[in-house]
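Numbering (the working numbering), first residue to last: 6 to 290.
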Ligand SMILES: [Zn+2]
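What follows is the structure, given as structure tokens:
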């Protein structure tokens, strides 16, 4: 499932290409890809003819700002936000023709643009989808999402505030998007390994020194993954089928049974809240 580095890679690919493009055609292959209160018809009506002001990201969501036709006034609020959740297998390509490669065999939604290109959304398992929100609706939803971990303002004491008072295992707390945005299963295991904290410990039990180490580790692993265009283990692709390359630099994720890169002890896999956690029992405390 794409996490912050993967979704941000897709955003960076799409934003300069789509900024200012007008949507002239909407084709929806499956109704279940339209989430929220809209159906196929109302979704198309609200999207067709609109200009894409840009593509943003918050947590693991992509947000396309839609403006009415005509040049949007500088600083104007968008008419709506088209929010995309990629979940397990959602992916985009952009071009004149639908790609013919194996990864794009499950067309979901097509947005035709005024320059003859089409933005193709493909989703094998159809767990992702699109919904339309007014800026006010988004503001309400957004307020419930935890802080973004990469901006300069995200200090270690903000991480401390995210985790304090939680008795949940630290690994589970890191995945909780209401506490912290964008971290998922892969980067939680990797960050905890780098910081040397045992994923089973209570989130609120870290001392200031451990919280500082974890803060540094989260930011470092996300930045490095972003520089590698994310991690492609199976399904994730950046735009037009490009794979990420961080999978070769994972230190513990998916490496259970192999040696710990730090102490050579055998790495473990456990299940926490239904998700796999990978760690070293010898050097994570
Ligand atoms: Zn170890």
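All C-beta atoms, glycine included, are put in the ideal place defined by N, C-alpha and C.
For the 9 Å CB-CB criterion, residue 135 and residue 203 do not form a contact. Residue 128 is classed as buried because its beta carbon has at least 16 other beta carbons within 10 Å across all chains shown. Closest option to residue 103, judged by alpha-carbon separation, among 95, 115 and 194: 115. Membership of residue 126 in the beta strand (DSSP E) is indicated by the continuous run 123-128. Residue selection by CB proximity (closer than 5 Å to any heavy atom of ligand 1) returns 265, 267, 268, 270, 285, 287 and 288 in chain order. Under the three-state reduction of DSSP output, residue 61 falls in the strand class. Residue 183 sits exposed, since fewer than 16 C-beta atoms from the chains shown fall within 10 Å of its C-beta. Scanning the segment 98-161 from its first residue to its last, the whole beta strand (DSSP E) runs of 3-plus residues come out as 112-118, 123-128 and 134-138. A distance below 9 Å separates the beta carbons of residue 258 and residue 195. In the displayed model, residue 273 falls within a strand according to three-state DSSP.
For residue 109, same chain residues with a beta-carbon under 8 Å away, outside a window of 5 residues either side, are 96, 98, 103, 125, 127 and 246 in chain order.
Residue 162 counts as exposed, since fewer than 16 other C-beta atoms from the protein chains shown sit within 10 angstroms of its C-beta. Rounded to the nearest whole angstrom, the CA to CA distance from residue 90 to residue 249 is 19 Å. Within its own chain, the residues whose Cβ lies closer than 6 Å to the Cβ of residue 206, once the five positions on either side in sequence are excluded, are 175, listed in chain order.
The secondary-structure analysis by DSSP pairs residue 48 with nothing; it has no beta-bridge partner. Counting only the Cα atoms, residue 53 lies some 22 Å from residue 15. Minimum Cα-Cα distance from residue 170 among the listed residues 251, 210, 243 and 216 corresponds to 210. By alpha-carbon distance to residue 119, the top candidate from 62, 130 and 101 is 101. In this structure, 180 is the residue among 286, 180 and 32 with its C-alpha nearest to the C-alpha of residue 154. In the DSSP assignment, the residues bridged to residue 96 are 127.
Two segments are said to touch when three or more pairs of C-beta atoms, one from each, lie closer than 8 Å; by this definition the segment 38-45 does not touch the segment 67-85.
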